[in-house]
Amino acid sequence: MSEHPASPPSANVSIESVLGLRTESLLQRLLGAQAFWVAVALGIICVVMCYLQPDSFRTPENFYNITRNFSFIGIMALGMSVVIATGGIDLSVGSVMGLTAVASGLVLEAGYPWWAGILVGLFAGFATGLINGLVIAYVGLSPFVTTLGMLSIARSVAVVLSGNRMIYKFGPGGPGFKIVGGGELRIADGFTLSYPLLFLVVLTVILAVVYKMTAWGRHVIAIGGNEQAALLTGVPVKWVKVQAYIVSGVAAAFAAILNVGWSGSAINALGTSYELLAISAAVIGGANLMGGEASAYGAFIGAALIFVIRNSLLMAGVDSNWQGTFVGLFLIAAVYLGKVRGAKRD
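Numbers given in this note's numbering equal positions in the sequence shown, counted from 1, plus 1229.
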């Protein structure tokens, strides 16, 4: 018998090996990033539309409308990218938006201040994300089934709480609440940036730093890359999964708060089918549906591409019913490109 016990299975496992880190030049990383090519496609579309529709597409008003509209989906896509990075999916974010809108609207209607409406709305997203995460991580149900169930539950609760009515009498807290989602920053004469866009930019930078420079960000990617190997390195897999779904729920709630503040009304139908747009934006931007790969910038640029396509089709006179077809084609192409890139790395 050997005097020395065998090394434990985790001895040669590290976060770096789980993440599959490789030494690459800046140019190689840039050309290998799906978000880069999505940005190229976005730039080409913008150049073409500026040439074809200079009087309508290339205007400060159109820029403002596009950037404001994609900001809501972009914020949701940031949260979705975290869940997808762990190898999961969150189909409930659209319904979470409806629940958040109603919760915030009822608080404001009752006469409470604007910040109370925001806190209650964010708590609604936190609670739904927490429930999703606990059921998935600790009960062991699949993310698809769990979040599909929450999609139905959250929408139903929103309808019941609202009495199936629109809430628009926000009381004394209304003006402050509306500024959060409907405010704007004037850069120059005729050129303004919406608050939702500014929030999206800040959150994108924060999440990018989290992915690249924090242990939690590396844990999220590692879980999606190889959950068992991540567990062997000491990553608290279950708890990180719970946190990922909380991030997704809170992101959807914040997007709903901004949307309600901009529109000036809360309806239980807010966010219907938005989960598909959020997933599409994250995947088009480079998130791998199998897990282990995501990008904050990719979620941002993916959302931008979707809404620039929609805007361009409308200006080109294409029937709006064809918008889903073009977005779907880009989504399929993005998934295929991700598969090709994965095969090359292997």
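Every residue, glycine too, gets a C-beta built ideally from N, C-alpha and C. All values reported here derive from a predicted model rather than from experimental measurement.
Grab me the residues of residue i's own chain with a C-beta within less than 8 Å of its C-beta, minus the 5 sequence neighbours each way, in chain order.
i            : result
residue 1288 : none
residue 1279 : 1286 and 1287
Quick one: grab the DSSP three-state call for residue i.
i            : result
residue 1394 : coil
residue 1318 : coil
residue 1258 : helix
residue 1600 : With the chain running from 1230 to 1575 in the structure shown, residue 1600 is simply not present.
residue 1545 : coil
residue 1495 : strand
residue 1457 : helix
residue 1522 : coil
residue 1310 : helix
residue 1472 : helix
residue 1501 : coil
residue 1401 : helix
residue 1287 : coil
residue 1336 : helix
residue 1282 : coil
residue 1556 : helix
Once you ignore the five residues that flank residue i on each side, which residues in its own chain have a CB closer than 7 Å to its CB?
i            : result
residue 1420 : 1289
residue 1295 : 1536, 1537 and 1540
Report buried or exposed for residue i, applying the criterion of at least 16 other Cβ atoms within 10 angstroms of its Cβ.
i            : result
residue 1201 : In the structure displayed, the chain extends from 1230 to 1575; residue 1201 sits before or after that span and is not available.
residue 1543 : exposed
residue 1319 : buried
residue 1457 : exposed
residue 1550 : exposed
residue 1425 : buried
residue 1443 : exposed
residue 1398 : exposed
residue 1372 : buried
residue 1393 : exposed
residue 1447 : buried
residue 1554 : exposed
Looking at the strands, I want to know which residues DSSP matches up with residue i.
i            : result
residue 1414 : 1422
Between which residues of its own chain and residue i is the CB-CB distance below 6 Å, once the five residues before and five after are set aside?
i            : result
residue 1336 : 1345, 1346 and 1349
residue 1334 : 1396 and 1495
Taking one C-beta from the stretch 1300-1309 and one from the stretch 1528-1541 each time, how about it: are there three or more such pairs within less than 8 Å?
yes
Could you check whether the stretch 1312-1327 touches the stretch 1377-1393, counting it as contact only if at least three pairs of C-beta atoms, one from each stretch, sit closer than 8 Å?
yes
Does the stretch 1419-1439 come within contact of the stretch 1455-1475, defined as at least 3 CB pairs closer than 8 Å?
no
Check whether the stretch 1460-1478 and the stretch 1331-1345 are in contact - that is, three or more C-beta pairs closer than 8 Å.
no
Using 8 Å as the cut-off, can you tell me whether the stretch 1365-1376 makes contact with the stretch 1308-1318, which would need three or more C-beta pairs spanning the two stretches below that distance?
yes
At least three beta-carbon pairs within less than 8 Å, the stretch 1307-1316 to the stretch 1513-1530
yes
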